[in-house]
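K.L.:
The structure under discussion is supplied below as structure tokens; questions concerning it will follow.
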Amino acid sequence: MTKKDRATIVLRTLKTLYPNIHTHLHFSNPWELVVAVSLSARTTDAQVNKVTQKLFTKYQTLADYAQATAEDFAQDINTIGLYKSKAERVVAAAKRVQDVFGGIIPKTIAELITLPGVGRKTANVVLYHAFGIAEGIAVDTHVTRLSKKFGLTTHTDPIKIEQDLLPLFPKKDWGYITNAMISYGREHSPARKVADTTDPVSLALKK
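Per this note's numbering, the sequence shown starts with residue 2, numbered consecutively.
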């Protein structure tokens, strides 16, 4: 079975399980999504949503973030991991969006990754969910683990994994794949059971 064949089975099975799926992070505009994804590293979506519920009320405009000090902002997010470094990056990113991009969130990966704390994963998530643009596939720990488990890649580097996945799935499904694999990883194939092959996708691949 080719990788393309395997990818077709993976996608078909995921769409049966998750016909309609979206990011679990709460946001009301592109900048809030940048903030939410930036805060999500090594932190659950539920924890991020709990923090941003208050955060997005206190900081309502990009200027509010840009004018904040990293120290003050850190205190507003101190219940999540790595909050000090995340605060520095969010405030710095807000200033860059304001000063370099005229207060408008850029719509390309090349521009987004110039923002402090924004890598390809965050950029892909923002483009897809804020603007409906599919420029790549966001590769997080779930996508990394499952892509290897399902025989779609042998790499561990997120950028190489993304390059392996792009030709295997229709462009219209690039954003979907990330969301579906995250939910699938949590519900059917967590890290502690990565060797288990009785999950729905693994069973479908055996047929």
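Backbone N, C-alpha and C fix where the C-beta goes; we use that ideal spot for every residue, glycine too. Since the structure is predicted, the reported quantities are computational estimates derived from the model, not experimental observations.
1. For K59, which residues in the same chain have their Cβ closer than 8 Å to its Cβ, ignoring the five residues on either side in sequence?
2. Counting Cβ pairs, one atom from each stretch, are 3 or more of them under 8 Å apart for the region 121-130 and the region 87-101?
3. Quick check on the DSSP output: the alpha helix (DSSP H) that includes P159 runs from which residue to which?
4. With burial defined as no fewer than 16 other Cβ atoms inside 10 Å of the residue's Cβ, what is the status of T53: buried or exposed?
5. Which two residues bound the contiguous alpha helix (DSSP H) that contains I110?
6. I want to know whether the region 102-111 touches the region 71-85 - three or more CB-CB distances under 8 Å.
7. Taking V140 as the reference, give the member of E163, D174, Q48 with the closest Cα.
8. Is the beta carbon of G176 closer than 8 Å to that of H143?
9. Is the Cβ-Cβ distance between D174 and L12 less than 8 Å?
10. At what residue ranges does the region 49-75 contain a whole run of the alpha helix (DSSP H), taking only runs of 4 or more?
11. Taking the alpha carbon of I22 as the reference point, which residue from I183, S190, I138, Q61 has its own alpha carbon closest?
12. Taking the alpha carbon of K5 as the reference point, which residue from R146, T154, N50, D197 has its own alpha carbon closest?
13. For P20 and T70, I'd like the C-alpha separation in whole angstroms.
14. Taking just the CA atoms, how far does K172 sit from I134?
15. State buried or exposed for S29, treating a residue as buried only when at least 16 other CB atoms are found within 10 Å of its CB.
16. Indicate the three-state DSSP secondary structure (helix, strand or coil) for V140 in the structure shown.
P.N.:
A quick look at the data gives this:
1. D65, D77
2. No: the two stretches stay apart, fewer than three of their Cβ pairs being nearer than 8 Å.
3. Under the DSSP assignment, P159 falls in the alpha helix (DSSP H) whose first and last residues are 159-166.
4. buried
5. 110-113
6. No, the region 102-111 does not touch the region 71-85.
7. Of E163, D174, Q48, the residue nearest in Cα terms is E163.
8. no
9. In this structure, the beta-carbon distance from D174 to L12 falls below 8 Å.
10. If we require 4 residues or more, the alpha helix (DSSP H) runs fully inside the region 49-75 come out as 63-68.
11. I183
12. T154
13. 42 Å
14. A direct Cα-to-Cα measurement between I134 and K172 gives close to 10 Å.
15. exposed
16. coil
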